[in-house]
Amino acid sequence: MLKKSELLEIIAGKNRGLLATASDKQAILSAIAQLEDYNPTTRPVEAGELLNGDWRLLYTTSRALLNLDGFPLVKLGSIYQSIRVKESKIYNIAELYGLPYLEGIVSVAATFEATSERRVQVKFERSIFGLSRLIGYESPVKFINEIESGKKFAAVDFGFDSREQQGWLDVTYLDKDLRIGRGNEGSVFVLTKE
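So the sequence shown is numbered by the working numbering: it starts at 35 and just counts up by one.
Structure (structure tokens):
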């Protein structure tokens, strides 16, 4: 069995997938599939105590996320996903950095509903993106608390028609500090609990 530590070693230095070559991607996907075969949590969506919390993205094949690195003068920083099981909420936050005072964030808030023991249906509700200093962004936790309190930000802040903006995510591996998911667009996500 491929150990979790071996997967983490393979994805180390790949900058969440930005630096992965075609052969790297093939090796990483193979390692992910082997680890998924030994998922210690047979019903991950029902394991609220494991799912709940703040997660940092280690690796993805999601073009939507990795393409954030393609903006002029901006580089992709850390990407977080915070899951609030009791509220059925998910918050995705991508930090962007570059020239001084141009640091920013792109964030999406969504609700989720379990449709099986490993799949959740996700409905996107709100997106916020703008300059960190104008938003007052300091950390994912503080920012999420401000979103939950209903704060409006000095940023592009808009709601989605949730009938149009939805998808699903399968949780294919879950333990106390590692989560692997596969999305409806074919993307893979590997995250570590903060």
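From the three backbone atoms N, C-alpha and C, an ideal C-beta is built for every residue, glycine too.
Practice task
Run the CB neighbour count on Gln-115, radius 10 Å, all protein chains shown included, and call it buried at 16 or more, exposed below.
Solution key: By one-based count along the sequence shown, residue 115 stands at place 81. Gln-115 should be labelled buried.
Problem - Residues of its chain near Gly-51, where Cβ-Cβ distance is below 7 Å and the 5 sequence neighbours each way are ignored - result: Your numbering for residue 51 matches position 17 in the sequence shown. Cβ neighbours of Gly-51 beyond the five flanking positions: Tyr-93, Thr-94, Thr-95 and Leu-100.
Exercise for the section: Counting only the same chain and skipping the five closest in sequence on each side, list residues whose C-beta sits under 7 Å from that of Thr-75. Expected result: What you label residue 75 is simply residue 41 of the sequence shown in a count that begins at 1. Result list for Thr-75: Ala-81, Leu-84, Leu-208 and Asp-209, in chain order.
Exercise for the section: Decide if the region 125-143 is in contact with the region 63-75; the criterion is three or more beta carbon pairs, one per stretch, under 8 Å apart. Expected result: no
Handout entry: Unbroken alpha helix (DSSP H) run spanning Asn-126, endpoints
Key = As a working note, residue 126 is residue 92 in the sequence shown. Note, Asn-126: premise wrong, no alpha helix (DSSP H); beta strand (DSSP E) at 123-132.
Exercise for the section: Kindly identify the DSSP beta-bridge partner or partners of Tyr-114. Expected result: To locate residue 114, count along the sequence shown from 1; it is residue 80. Its beta-bridge partners are Arg-90 and Ile-127.
Practice task
Measure the CB-CB distance between Gln-200 and Val-154 and report whether it falls below 8 Å.
Solution key: For the purposes of this step, residue 200 is taken as residue 166 along the sequence shown, with counting starting at 1. For the purposes of this step, residue 154 is taken as residue 120 along the sequence shown, with counting starting at 1. The answer is no: Cβ separation not under 8 Å.
Exercise for the section: Pull up the distance between the alpha-carbon of Gln-60 and that of Ile-44, whole angstroms please. Expected result: For this step, residue 60 is matched to residue 26 along the sequence shown. For this step, residue 44 is matched to residue 10 along the sequence shown. Cα-Cα distance, rounded: 11 Å.
Problem - Closest residue to Arg-160 among Lys-109, Val-79, Gly-87 and Ile-127 (Cα-Cα distance) - result: Along the sequence shown, read from residue 1 onward, the residue named residue 160 stands at position 126. Measuring from the Cα of Arg-160, the nearest candidate turns out to be Ile-127.
Practice task
With DSSP as the reference, label Phe-177 as helix, strand or coil.
Solution key: The residue given as residue 177 occupies position 143 in the sequence shown. Phe-177: helix per DSSP, three-state reduction.
Practice task
Report, in whole angstroms, the separation of the C-beta atoms of Ile-139 and Ser-112, which I expect to be a contact under 8 Å.
Solution key: Locating residue 139 in the sequence shown gives position 105, counting from the first residue. Locating residue 112 in the sequence shown gives position 78, counting from the first residue. Contact doesn't hold; Cβ gap of about 10 Å is too wide.
Problem - Cβ-heavy atom distance, Lys-120 to the ligand MN, below 7 Å - result: Among the components of this structure there are no ligands whatsoever, and the ligand MN is therefore not found.
Problem - Close Cβ partners of Ala-188 (< 6 Å) along its chain, the five nearest in sequence each way excluded - result: In the sequence shown, the residue the question calls residue 188 occupies position 154. Here the set comprises Leu-168.
Exercise for the section: Tell me where the alpha helix (DSSP H) around Ser-64 begins and ends. Expected result: The sequence position of residue 64 within the sequence shown is 30, counting from 1. Per DSSP, Ser-64 belongs to the alpha helix (DSSP H) from 56-70.
Problem - Nearest-angstrom beta carbon gap, Thr-145 and Ser-122 [assumed within contact, 8 Å] - result: By one-based count along the sequence shown, residue 122 stands at place 88. By one-based count along the sequence shown, residue 145 stands at place 111. About 5 Å; that satisfies the 8 Å criterion.
Exercise for the section: Compare the beta carbon distance of Lys-48 and Ala-56 with 8 Å and say whether it is the shorter of the two. Expected result: Mapped onto the sequence shown, residue 48 falls at position 14. Mapped onto the sequence shown, residue 56 falls at position 22. Contact flag unset, no.
Handout entry: Beta bridge counterpart(s) of Leu-225 as assigned by DSSP
Key = Position 191 of the sequence shown, counted from the start, is the residue given in the question as residue 225. Beta-bridge pairing links Leu-225 to Leu-91 and Arg-213.
Handout entry: As assigned by DSSP and simplified to three states, the class of Ser-161
Key = In the sequence shown, the residue the question calls residue 161 occupies position 127. It is a strand residue.
Handout entry: Delimiting residues of the beta strand (DSSP E) encompassing Gly-138
Key = Numbered from 1 along the sequence shown, position 104 holds the residue referred to as residue 138. Gly-138 -> beta strand (DSSP E) spans 138-148.
Exercise for the section: Using DSSP bridges, identify the partner residues of Gly-82. Expected result: Walking along the sequence shown from the start, residue 82 turns up at place 48. None; Gly-82 has no bridge partner.
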